[in-house]
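Engineer: Residue numbers (our numbering), protein chains in the order written: chain A, 1 to 273; chain B, 274 to 367.
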Amino acid sequence: MAQIVAAMASVHTPLLTSAPQMADATMWEKIHHGFDTLRDTLTASGADTLVVISDEHFNALDPRRYPSFGVVTAATGVGPVENWLGIPRNSIKVNFVPELAEAIMTEGVHRGFDLTRVGEAGLEHGFVTCLHFLTPRWDLSYLWLIQNCVLPPLPSVGRCYEFGRMVGEAIRKWGGSRRVAVLGTGGLSHAVGTPDMGRVDQKFDAKFLDLLCANNSALREITDAEMDAVGNGTHEVRNWVAVAGVVAGAKGEVVMYETTMGVGFGMMRFQVA
Amino acid sequence: MSAQALNIMLVDLFRSDEALARYQQDPDAVAADYGLSAEERERLKAKEMGWLYTHGVHPYILVQFAFAVRYDMGAYLKQLQEATGQISLESSVS
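1. Is there contact here, the stretch 118-125 of chain A with the stretch 69-81 of chain A, by at least three beta-carbon pairs under 8 Å?
2. Would you identify the three-state DSSP class for A/Glu253, choosing helix, strand or coil?
3. Is A/Val167 closer than 7 Å to A/Ile222 when the C-beta atoms are compared?
4. For chain A, find out if any of its Cβ atoms is closer than 7 Å to the Cβ of B/Pro373; answer yes or no.
5. Run through chain A and tell me which residues come within less than 7 Å of B/Ile341, C-beta to C-beta.
6. Return the first residue and the last residue of the alpha helix (DSSP H) that A/Asn239 is part of.
7. At a CB distance below 9 Å, what residues from the stretch 41-62 of chain A approach chain B? Give them in sequence order.
8. Assuming contact is defined by CB atoms lying nearer than 7 Å, are A/Phe270 and A/Val247 in contact in what I supplied?
9. Can you round the beta-carbon distance between A/Val72 and A/Trp144 to whole angstroms, since I take them to be within the 8 Å contact cut?
10. Name the chain B residues whose beta carbon is nearer than 8 Å to that of A/Val192?
11. Helix, strand or coil for B/Ser364 per DSSP?
12. If we count the other Cβ atoms within 10 Å of its Cβ and call it buried at 16 or more, is A/Asn90 buried or exposed?
13. Could you tell me the alpha carbon to alpha carbon distance between A/Gly252 and A/Asn216, rounded to whole angstroms?
14. Suppose contacts are defined by Cβ-Cβ distances below 7 Å. Is A/Gly281 in contact with A/Ala242 by that definition?
15. Using a threshold of 7 Å, state whether the C-beta atoms of A/Val180 and A/Phe204 are closer than that.
16. If distances are taken between C-alpha atoms only, which option among A/Gly86, A/Leu100, A/Asn239 comes closest to A/Pro169?
17. Please decide whether B/Val284 counts as near chain A, where near means a Cβ-Cβ distance under 7 Å.
18. Compare the C-beta of B/Gln354 against all C-beta atoms of chain A and say whether one is closer than 7 Å.
19. Tell me, to the nearest whole angstrom, how far the beta carbon of A/Glu258 is from that of A/Met1; I am working on the premise that it is less than 8 Å.
20. Chain B partners of A/Val150, CB-CB under 7 Å?
21. Is it the case that the stretch 130-150 of chain A contacts the stretch 57-73 of chain A, given that we only count it when at least three CB pairs across the two stretches are under 8 Å?
22. Just checking, does the stretch 7-19 of chain A make contact with the stretch 145-154 of chain A on the three C-beta pairs under 8 Å criterion?
23. Can you pull the chain B residues whose beta carbon is under 7 Å from the beta carbon of A/Asn232, in chain order?
24. Using a cut-off of 7 Å between C-beta atoms, extract the partners of B/Arg288 located in chain A.
25. Which chain A residues sit within Cβ distance under 8 Å of B/Leu350?
26. Between A/Leu115 and the rest of its own chain, which residues show a CB-CB distance below 8 Å, the 5 nearest in sequence each way excluded?
27. With H, G and I counted as helix, E and B as strand and the rest as coil, what does DSSP make of B/Trp324?
28. Name the two residues that bound the continuous beta strand (DSSP E) containing A/Val51.
29. Less than 7 Å between the beta carbons of B/Ala348 and B/Gly323, yes or no?
30. With DSSP run on the structure shown, which of helix, strand or coil describes B/Ala305?
31. With distances taken Cα to Cα, identify the nearest neighbour of A/Asn239 among A/Asp48, A/Tyr161, A/Glu29.
32. Does A/His33 pass the burial test, meaning 16 or more other C-beta atoms within 10 Å, or should it be called exposed?
33. Please name the residue or residues paired with A/Tyr142 in a DSSP beta bridge.
34. My parser needs the alpha helix (DSSP H) runs of 4 or more residues fully inside the stretch 96-123 of chain A; what are they?
35. Bridge partners of A/Trp4, per DSSP?
36. When you check each C-beta in the stretch 231-255 of chain A against every C-beta of chain B, which residues fall closer than 7 Å?
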């Protein structure tokens, strides 16, 4: 049976690669230390497969046909698709695990999640920016699960938690001997493309990180109104919540929290036995 | 999603260098292909980000279009703030 050997979450701000000058040298030391810590966790876990739970930002999917939950089922992915990300367009190629993607599709639909099978999906910054630092040789096998955090109506936070729980059970039921790590990306509080771009709400972020690390039922009660109040990009914390569902009950620890690059800049990991 | 034609067109432009180059060469022809209104066509040609924002372009789509055409982000924010009457919150942390 496949095993879940690591679970973590990180911001995915594209400014990490498109505008690294937005953080000074001292901040970059902290950022590198955060990514080093997550990478060490990943390496120590012996993971051979990395499941990324992220939203996408209209680079991979068509806004006219937009799923709440999408499973990328292609065998390979190429990106980044953005011409502004600071990484040459389409210079990265990854191998996905379509058999695991199909296993999650099946488990999900059987359990009442009307998942959308997404064939090929161009890799975009929701997938690329963290991994540029965490697995810079792109040498694991990957899976990309897309949650809608950008085009209302959005699935509730509670639903995203349950989605994660289903994904965790699908992975554990899946045959073979893969060692699977899970990474959620996006958030924390921030505003994207709106007049309040640049704002961060440390109070929201502190509360969210407390709930996430405790990983109990209170996490599922965070509302759209709370997130709307602190910036449209904040809705991406759903991807962190889904990881909490994958390792339901496991406690977490904050690896770093700063405010830089216009986001509540956080990273965390769960204690996975 | 309101302003659907505009949103779809901008997505196509920021996803493809070729589509963007074609738009830059002949904006009226591309706008006609997507069925933009005359006002949408002219406001987009003038890159009136504040108008586009207040007339239904999705903020993620608008900002990525701005990135793709290397639009100055300070000017972008200023335009949106003027169009909406929201005061500058840039760099604010609460």
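Beta carbons are placed, not taken as given, at the ideal position from N, Cα and C, and that holds for glycine.
Structural biologist: Looking at the coordinates:
1. yes
2. The sequence position of residue 253 of chain A within the first sequence is 253, counting from 1. It is a strand residue.
3. To locate residue 222 of chain A, count along the first sequence from 1; it is residue 222. To locate residue 167 of chain A, count along the first sequence from 1; it is residue 167. No, the Cβ-Cβ distance between A/Ile222 and A/Val167 is not below 7 Å.
4. As shown, chain B starts at 274 and ends at 367. That puts residue 373 of chain B outside it, with no answer to give.
5. Working through the second sequence from its first residue, we reach residue 341 of chain B at position 68. Rather than Ile, the amino acid found at residue 341 of chain B in this sequence is Ala. Under the 7 Å cutoff, chain A gives Asn83, Trp84.
6. Within the first sequence, residue 239 of chain A is the residue found at index 239, counting from 1. Residues 238-246.
7. His57, Phe58, Asn59, Asp62
8. For this step, residue 270 of chain A is matched to residue 270 along the first sequence. For this step, residue 247 of chain A is matched to residue 247 along the first sequence. It is a contact, given that the beta carbons lie within the stated cut-off.
9. Taking the first sequence and counting its residues from 1, the one referred to as residue 72 of chain A is at position 72. Taking the first sequence and counting its residues from 1, the one referred to as residue 144 of chain A is at position 144. Yes, A/Val72 and A/Trp144 are in contact; Cβ-Cβ is about 4 Å, under 8 Å.
10. Within the first sequence, the letter at position 192 stands for residue 192 of chain A. The answer, in chain order, is Pro332, Tyr333, Val336.
11. By one-based count along the second sequence, residue 364 of chain B stands at place 91. Residue placement at B/Ser364 is flagged as unreliable, the pLDDT there being 47, under the threshold of 50; the coordinate-derived value follows with that caveat. DSSP places B/Ser364 in coil when its eight states are reduced to three.
12. The sequence position of residue 90 of chain A within the first sequence is 90, counting from 1. Exposed, since its Cβ has fewer than 16 Cβ neighbours within 10 Å.
13. The count along the first sequence starts at 1 and reaches residue 252 of chain A at position 252. The count along the first sequence starts at 1 and reaches residue 216 of chain A at position 216. Their backbone Cα atoms lie some 11 Å apart in a straight line.
14. Residue 281 of chain A lies beyond the residue range present for chain A, which begins at 1 and ends at 273; the question has no answer from this structure.
15. On the first sequence, residue 180 of chain A is found 180 positions in, with the first residue counted as 1. On the first sequence, residue 204 of chain A is found 204 positions in, with the first residue counted as 1. Contact: no.
16. On the first sequence, residue 169 of chain A is found 169 positions in, with the first residue counted as 1. Note on identity: in this sequence residue 169 of chain A is Glu, with Pro being the wrong assignment. Checking every option, the nearest Cα to that of A/Glu169 belongs to A/Leu100.
17. Walking along the second sequence from the start, residue 284 of chain B turns up at place 11. Yes, contact with chain A.
18. Against the second sequence, residue 354 of chain B aligns to sequence position 81. So, interface residue.
19. The residue labelled residue 258 of chain A in the question sits at position 258 within the first sequence. The residue labelled residue 1 of chain A in the question sits at position 1 within the first sequence. About 39 Å; that fails the 8 Å criterion.
20. Position 150 of the first sequence, counting from 1, holds the residue named residue 150 of chain A. Within chain B, the residues near A/Val150 are Tyr333.
21. yes
22. no
23. Counting from 1 along the first sequence, the entry for residue 232 of chain A is found at position 232. Correct list: Pro332.
24. The sequence position of residue 288 of chain B within the second sequence is 15, counting from 1. Near B/Arg288 (Cβ distances below 7 Å), the residues of chain A are Asn59, Val81.
25. Counted from its first residue, the second sequence places residue 350 of chain B at position 77. Result: Pro195, Met197, Gly198.
26. Against the first sequence, residue 115 of chain A aligns to sequence position 115. Closer than 8 Å at the Cβ level, and outside the excluded window around A/Leu115, lie Pro67, Phe69, Gly70, Val71, Ile104, Met105, Gly108, Val109.
27. Mapped onto the second sequence, residue 324 of chain B falls at position 51. Of the three classes helix, strand and coil, the one that applies to B/Trp324 here is helix, per DSSP.
28. Walking along the first sequence from the start, residue 51 of chain A turns up at place 51. It spans 49-54 - the beta strand (DSSP E) in which A/Val51 sits, taken as one unbroken run.
29. Here residue 348 of chain B corresponds to residue number 75 of the second sequence, with the count starting at 1. Here residue 323 of chain B corresponds to residue number 50 of the second sequence, with the count starting at 1. The answer is no: Cβ separation not under 7 Å.
30. As a first step, residue 305 of chain B must be located in the second sequence, where it is residue number 32. Three-state DSSP puts B/Ala305 in a helix.
31. What you label residue 239 of chain A is simply residue 239 of the first sequence in a count that begins at 1. The candidate whose alpha carbon is nearest that of A/Asn239 is A/Tyr161.
32. Taking the first residue of the first sequence as position 1, residue 33 of chain A is located at position 33. Exposed, by the Cβ-count rule.
33. Start at 1 with the first residue of the first sequence, and residue 142 of chain A comes out as number 142. BP columns for A/Tyr142 point to A/Leu50, A/Phe96.
34. 98-110
35. Position 4 of the first sequence holds residue 4 of chain A. The question names Trp, but residue 4 of chain A in the sequence shown is Ile. Looking at the DSSP assignment, A/Ile4 forms a beta bridge with A/Val180.
36. Asn232
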